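S.K.: Sending over a structure as structure tokens; questions will come in a sec.
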Amino acid sequence: MAIKLGLEAIINESDYGELWILSDSRSSLQHLHNWTQVGDKTSISILHNLKLISKHHDVHFQWIPSHVDIFGNEQADRLAREGCSLLTTSSPAITYSEHQSKVNRQLSKEWKIPPSHHWYAAREPGSFLDLNCDRASKTAISRLASGHTKSLSFFEGRKTFKLCSKCKVQQASAEHILDCLGLSREDLYDSPLLVIDLLRVNNLMDLVSLRQTIRG
3 MAIKLGLEAI
13 INESDYGELW
23 ILSDSRSSLQ
33 HLHNWTQVGD
43 KTSISILHNL
53 KLISKHHDVH
63 FQWIPSHVDI
73 FGNEQADRLA
83 REGCSLLTTS
93 SPAITYSEHQ
103 SKVNRQLSKE
113 WKIPPSHHWY
123 AAREPGSFLD
133 LNCDRASKTA
143 ISRLASGHTK
153 SLSFFEGRKT
163 FKLCSKCKVQ
173 QASAEHILDC
183 LGLSREDLYD
193 SPLLVIDLLR
203 VNNLMDLVSL
213 RQTIRG
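If you read the sequence shown in the working numbering, its first letter stands for residue 3, the second for the next number, and so on.
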């Protein structure tokens, strides 16, 4: 989580050279090192931000020993815990009309801002055609978004799918493929290139990108 927050804090910054990430969590660094096995949303977010940052900066990871039992650090931790336990000054009460005015201003502000939810992005046809990738990758993302993947077929009027080659347990519907990779539909619109990378690494492109078949 600390690595995720740190990357989010500098994702829009550019006034620096190399990026060094120092962590005392050996397990976290090892988890990211085995990035082809990553499935949790926190790690997916970290990998996405690392991909963006590494386009312009060299990124290094370094494990450092924990500061446990070091007097100065232990004292700093104690003071931080004491500070968190202090009572904060309560804000003065506001009237109903003041609260209503604040709500109305916020609603007005939100109405003037275009919606960012992935559902609205999906309403624009051909939105994946502008991606900076090859045609096969664009087709794969489009098919995942529509649900019409290569593994989709119809038998006696019902949808059926081939077995997922990653988990080898469930049918490889578009929803299952995303879930099996630790992704969601939002990632198709927020991080399409990351989705493509994970499809290729896990050898799932063949389940997605060709035509459906109809039988029965």
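Where a beta carbon is used, it is the ideal one built from N, C-alpha and C, also for glycine.
Because the structure is a prediction, the values reported are computed rather than measured.
Which first and last residues belong to the alpha helix (DSSP H) in which Thr-141 is found?
M.R.: Counted from its first residue, the sequence shown places residue 141 at position 139. From DSSP, the alpha helix (DSSP H) with Thr-141 extends over 137-148.
S.K.: Rank His-50, Ser-27 and Arg-28 by C-alpha distance to the C-alpha of Thr-38 and give the top, closest one.
M.R.: Within the sequence shown, residue 38 is the residue found at index 36, counting from 1. Closest option to Thr-38, Cα to Cα, is His-50.
S.K.: Within its chain, find whatever has a CB closer than 6 Å to the CB of His-59; leave out the 5 residues flanking it on each side and keep chain order.
M.R.: Reading the sequence shown from its first residue, position 57 is the one you call residue 59. So the list reads Leu-21, once near-sequence residues are dropped.
S.K.: Classify Ile-23 as helix, strand or coil using the three-state DSSP reduction.
M.R.: Within the sequence shown, numbered from 1, the residue matching residue 23 stands at position 21. DSSP places Ile-23 in strand when its eight states are reduced to three.
S.K.: Would you mind sorting Val-171 into buried or exposed? The rule is 16 or more other CB atoms within 10 Å of its CB.
M.R.: If you number the sequence shown from 1, residue 171 lands on position 169. Per the 10 Å Cβ criterion, exposed.
S.K.: Give the straight-line distance between the Cα atoms of Arg-107 and Thr-162, rounded to the nearest whole angstrom.
M.R.: Reading the sequence shown from its first residue, position 105 is the one you call residue 107. Reading the sequence shown from its first residue, position 160 is the one you call residue 162. Roughly 49 Å between the two C-alpha positions.
S.K.: Compare the Cα-Cα distances from Glu-177 to each of Gly-149, His-62, Ser-139 and Val-197 and report the closest residue.
M.R.: To locate residue 177, count along the sequence shown from 1; it is residue 175. Measuring from the Cα of Glu-177, the nearest candidate turns out to be Gly-149.
S.K.: From what residue to what residue does the alpha helix (DSSP H) around Val-61 run?
M.R.: Stepping through the sequence shown from its first residue, residue 61 is reached at position 59. In the DSSP assignment, Val-61 falls outside any alpha helix (DSSP H) and lies within the beta strand (DSSP E) extending over 61-65.
S.K.: Would you tell me roughly how many angstroms separate the C-alpha atoms of Trp-121 and Asp-26, rounded to the nearest one?
M.R.: Here the question's residue 121 lines up with position 119 in the sequence shown. Here the question's residue 26 lines up with position 24 in the sequence shown. With a pLDDT of only 46 at Trp-121, under the threshold of 50, the placement of this residue in the model should not be trusted; the figure read from the coordinates follows. Taking C-alpha positions only, Trp-121 is separated from Asp-26 by approximately 39 Å.
S.K.: Can you give the beta carbon distance from Gln-64 to Ile-96, rounded, assuming they're within the 8 Å contact cut?
M.R.: Your numbering for residue 64 matches position 62 in the sequence shown. Your numbering for residue 96 matches position 94 in the sequence shown. Not a contact, Cβ separation roughly 49 Å.
S.K.: How far does the alpha helix (DSSP H) with Ser-30 in it extend, from its first residue to its last?
M.R.: Indexing the sequence shown from 1 puts residue 30 at position 28. Looking at the DSSP string, the run of the alpha helix (DSSP H) that includes Ser-30 is 28-35.
S.K.: Can you tell me whether Gln-39 is helix, strand or coil according to DSSP?
M.R.: For this step, residue 39 is matched to residue 37 along the sequence shown. Helix, per DSSP.
S.K.: Mind checking Ala-147: buried by the 16 CB within 10 Å criterion, or exposed?
M.R.: If you number the sequence shown from 1, residue 147 lands on position 145. When all chains shown are included, Ala-147 counts as buried.
S.K.: Tell me whether Lys-104 is buried or exposed, calling it buried when 16 or more other Cβ atoms sit within 10 Å of its Cβ.
M.R.: As a position in the sequence shown, residue 104 is number 102, starting the count at 1. Per the 10 Å Cβ criterion, exposed.
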